[in-house]
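Data block below; observations after.
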Amino acid sequence: MAKGWIHSVESLGTQDGPGIRYVVFTQGCPLRCKYCHNPDTWCMTDGQEVEVEELMNKILRCKPFISRSKGGITISGGEPTLQIDFVLELLKRCKEEDIHTALDTSGYVDKDKFEKLLPYTDLVLLDIKHIDDIEHQELTGVSNQKILDILNLLEERGKSFWVRHVVVPGINDKIEYIEKLTELLAPLDNLEKVELISYHQLGVHKWETIGLDYELKDVEPPSGEKMEEFKEIFINKGINTVVK
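Here it is as structure tokens:
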């Protein structure tokens, strides 16, 4: 029986995929995003070690609510693909119980490992932090090439996916970056939705609590008008887009 390290769960989530969802937040992440609101998930063993069946017992208690809302389970993080064996077994068990499955990922994972999860994943929520590779490295500490490879893999395999993009003023909110991302996504047949997410500072206290310096403390959230402007750029290219 596979075990995994998790940070927390949300039994009636509504922000991480369609319907009401049981959201499992895993521990461990290879990225160090400057705006991360959960830096306490970075270290895998800071969390709670659980068995798949222990989680399934809790998920099944919520199944009536999940099913009626056409929801499911979302495995998020941290970065869930760091725990492939655990996540794979959990996805398989959910499919045995006819529960819709979603994987919320940064996409920073080797394609061959990620492909193992696809047969048991109904929907992928792919976070694209920055379209420019150099800027992506500055923002997250890693290249975006693996992430773009996963984007291509999802399209090649015909897997339904959403793209999530946090808009951070002064970092990735230039029109040229938004247009470049739009041009990349517009031709993709399996992209169901883009979620443009406004940067916020809700995680600053966590950085302070664990003794980390939050570099973006002076960055204000983008205006509603600016977010709507970006949304229109995507919509004009035929991409279903929402602002969150």
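Numbering (our numbering), first residue to last: 2 to 245.
Using N, Cα and C, we set each Cβ at its ideal position, and we do this for glycine too.
Cβ-based neighbour list, residue i, same chain, cut-off 8 Å, excluding 5 preceding and 5 following
i       : result
Lys-64  : Glu-98, Ile-100
Glu-216 : Lys-35
His-201 : His-38, Pro-222
Tyr-121 : Leu-89, Leu-92, Lys-93, Cys-95, Lys-96, Thr-102
Leu-61  : Glu-98
Ile-236 : Thr-242
Leu-248 : No information on residue 248 is available, as it lies outside the stretch 2 to 245 that the chain covers here.
Cut-off 7 Å between Cβ atoms - residues of its own chain near residue i, not counting five sequence neighbours on either side
i       : result
Leu-189 : Glu-156
Gly-159 : Asn-191
Ile-148 : Ser-107, Gly-108, Tyr-109, Ile-129
Ser-9   : Phe-26
Val-24  : Val-10, Glu-11, Gly-14, Asp-17, Thr-75, Ser-77
Residue i classed as buried or exposed, judged by whether at least 16 other C-beta atoms fall within 10 angstroms
i       : result
Lys-130 : buried
Ile-176 : exposed
Gly-171 : exposed
Thr-138 : Sequence check: residue 138 is Gln here, not Thr. It counts as exposed.
Asn-145 : buried
Asn-241 : exposed
Glu-184 : exposed
Arg-94  : buried
Glu-80  : buried
Ala-103 : buried
Thr-210 : exposed
Thr-46  : exposed
Leu-124 : buried
Ser-107 : buried
Asp-41  : buried
Asn-173 : buried
His-166 : buried
Leu-140 : buried
Assigned secondary structure, residue i (DSSP; H/G/I helix, E/B strand, else coil)
i       : result
Thr-1   : A query on residue 1 cannot be resolved here, the shown segment of the chain reaching from 2 to 245 and no further.
Arg-62  : helix
Glu-50  : strand
His-38  : coil
Tyr-178 : helix
Leu-104 : strand
Arg-165 : strand
Lys-245 : coil
Arg-22  : strand
Lys-96  : helix
Residues of its chain near residue i, where Cβ-Cβ distance is below 6 Å and the 5 sequence neighbours each way are ignored
i       : result
Glu-90  : Ala-3, Val-53
Gln-49  : Ile-7
Val-88  : Ile-76, Pro-81
Gly-20  : Ser-70, Lys-71, Gly-72
Ile-85  : Lys-114
Tyr-178 : Ile-132
Residues that residue i bridges to, as DSSP identifies them
i     : result
Lys-4 : Glu-52
4-residue-minimum alpha helix (DSSP H) runs that sit fully inside the segment 183–242, ordered along the chain:
You should have 205–210, 225–236.
Runs of alpha helix (DSSP H) lying entirely within the segment 61–90, each at least 4 residues, in chain order:
64–69
If we require 4 or more residues per run, which alpha helix (DSSP H) segments fall completely within the segment 106–150?
Runs of the alpha helix (DSSP H) lying entirely within the segment 106–150, each at least 4 residues long, are 112–118, 134–141 in chain order.
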